[in-house]
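Q: Pasting in a structure now, in C-alpha cells, and then I'll have a few things to ask.
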Amino acid sequence: DQQVKQNSPSLSVQEGRISILNCDYTNSMFDYFLWYKKYPAEGPTFLISISSIKDKNEDGRFTVFLNKSAKHLSLHIVPSQPGDSAVYFCAASATTGNQFYFGTGTSLTVIP
Amino acid sequence: EAGVAQSPRYKIIEKRQSVAFWCNPISGHATLYWYQQILGQGPKLLIQFQNNGVVDDSQLPKDRFSAERLKGVDSTLKIQPAKLEDSAVYLCASSLRLAGYNEQFFGPGTRLTVL
Numbered sequence: 057d058q059q060v061k062q063n064s065p066s067l068s069v070q071e072g073r074i075s076i077l078n079c080d081y082t083n084s085m086f087d088y089f090l091w092y093k094k095y096p097a098e099g100p101t102f103l104i105s106i107s108s109i110k111d112k113n114e115d116g117r118f119t120v121f122l123n124k125s126a127k128h129l130s131l132h133i134v135p136s137q138p139g140d141s142a143v144y145f146c147a148a149s150a151t152t153g154n155q156f157y158f159g160t161g162t163s164l165t166v167i168p
Numbered sequence: 010e011a012g013v014a015q016s017p018r019y020k021i022i023e024k025r026q027s028v029a030f031w032c033n034p035i036s037g038h039a040t041l042y043w044y045q046q047i048l049g050q051g052p053k054l055l056i057q058f059q060n061n062g063v064v065d066d067s068q069l070p071k072d073r074f075s076a077e078r079l080k081g082v083d084s085t086l087k088i089q090p091a092k093l094e095d096s097a098v099y100l101c102a103s104s105l106r107l108a109g110y111n112e113q114f115f116g117p118g119t120r121l122t123v124l
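Have a look at this one:
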C-alpha cells in the first residue's frame, strides 16, 4: 500500500529553467512533509519541509507547495543547476504517528 | 557535527549466509531507524527505536532479521539467513525525537548483494 506516490520516475530540465517535482499522498492524517535529495552511493539528505498549517515554504532556490485538498505537494527548483541532478524523494508523516513514508523517487537531470 | 555513520559500506554474501550492519547515530538523537531500499523504490522502514526500546518493527521480517540498540546509542541489524531478495541498500537514520516536526538524518547506507 503506497501511501506516498511520485508518479514521474525521471525528469530532465535545462540549466537555468524551473524544475517541478510532484508528489501525491493518500493518508489524510499526514501533516508534515519533507523532500530529500540523494546522490549515488550516499544516503538521502534533507532538503526542505512543510507542515500542513502552511501552503508554501521557501528556502533559497527551493520552494515546496502543499495543496491539502488535492493531497498533493510539489518541489520547485529555480533556477535549476547541474549540481541539482539527483534523485528526489518526498516523505510524509503524521504527528500522531511514528514513522515517515517515502515515495519511490524522481531522478532529476539538469542539462548544462 | 558528525553525521550518521554506517559500516560496512558494501557487502557481498551468498544466500543462506548471515550478515550484520552497524550504525552510529548523531550524538543526542534519541530515535534511530533502519530502512531497506530496494533498487527503484523508496526507503521502507524496517524498525524504529526510541532510545533502546523498539517503537515499531511491524515491517521487519522477524524470521530472519533482528536488530538491537544497546545502551540507546549504536545499533546493529542482522540478517540470518540471507535470501536473494534481501539485496538492497540498508539505510540507518536518526532524529532528535519521534516522527513529527523534525527531520531524519541518514547515513551513507550499506549496499548488500546476495548471490
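Keeping their order, the protein sequence lines are chains A and B. Note that the first sequence covers residues 57 to 168 in this note's numbering. Note that the second sequence covers residues 10 to 124 in this note's numbering. Even for Gly, the Cβ is constructed at its ideal location relative to N, Cα and C. This one's a predicted model, so the numbers in the text were calculated from it and none came from an experiment.
#1: Compare the C-beta of Tyr92 (chain A) with all C-beta atoms of chain B and state if any pair is closer than 9 Å.
#2: Measuring alpha carbon to alpha carbon, tell me which residue in B:Asn33, B:Ala91 and B:Lys92 is nearest Leu100 (chain B).
#3: Check each candidate in A:Tyr157, A:Tyr144 and A:Val166 and name the one with the smallest Cα separation from Thr101 (chain A).
#4: My output table needs one value for Asp80 (chain B): the three-state DSSP class, helix, strand or coil.
#5: With a CB to CB cut of under 6 Å and the five nearest residues on each side skipped, what residues in its chain are close to Asn83 (chain A)?
#6: Among residues of its own chain, excluding the 5 on either side of Glu77 (chain B), which ones have a beta-carbon nearer than 7 Å to its beta-carbon?
#7: If you follow the beta strand (DSSP E) that Gly51 (chain B) is part of, which residue opens it and which one closes it?
#8: Write down every uninterrupted run of the beta strand (DSSP E) in the segment 58–141 of chain A whose length is 3 residues or greater and which is fully enclosed by it, in chain order.
#9: Given a cut-off of 9 Å, decide if Leu164 (chain A) and Cys146 (chain A) are closer than it, judged by their beta-carbon atoms.
#10: Considering only residues of the same chain and omitting the five flanking positions on each side of Lys112 (chain A), which have a CB-CB separation below 8 Å?
#11: For Leu103 (chain A) and Leu93 (chain B), I'd like the C-alpha separation in whole angstroms.
#12: Mind listing the chain A neighbours of Gln50 (chain B)? Cutoff is C-beta to C-beta under 9 Å, in chain order.
A: This is what the structure holds:
#1: Tyr92 (chain A) counts as touching chain B.
#2: The candidate whose alpha carbon is nearest that of Leu100 (chain B) is B:Asn33.
#3: Out of A:Tyr157, A:Tyr144 and A:Val166, A:Tyr144 has the C-alpha closest to the C-alpha of Thr101 (chain A).
#4: At residue 80 (chain B) the sequence reads Lys, which differs from the Asp that was named. DSSP places Lys80 (chain B) in helix when its eight states are reduced to three.
#5: The residues are Gln59.
#6: Excluding residues within five positions, the ones whose Cβ falls inside 7 Å are Ser84 and Thr85.
#7: Element bounds for Gly51 (chain B): n/a, residue is neither H nor E.
#8: Assignment of beta strand (DSSP E) within the segment 58–141 of chain A, counting only whole runs of 3 or more residues, yields 66–70, 75–81, 88–94, 101–107, 112–115, 118–123 and 128–133 in chain order.
#9: No, the pair does not count as a contact, with Cβ atoms beyond the cut-off.
#10: Only Ile106, Thr119, Val120, Phe121 and Leu122 meet the Cβ criterion.
#11: Each residue's Cα considered, the two are about 33 Å apart.
#12: The contacting residues are Phe158, Thr160 and Gly161.
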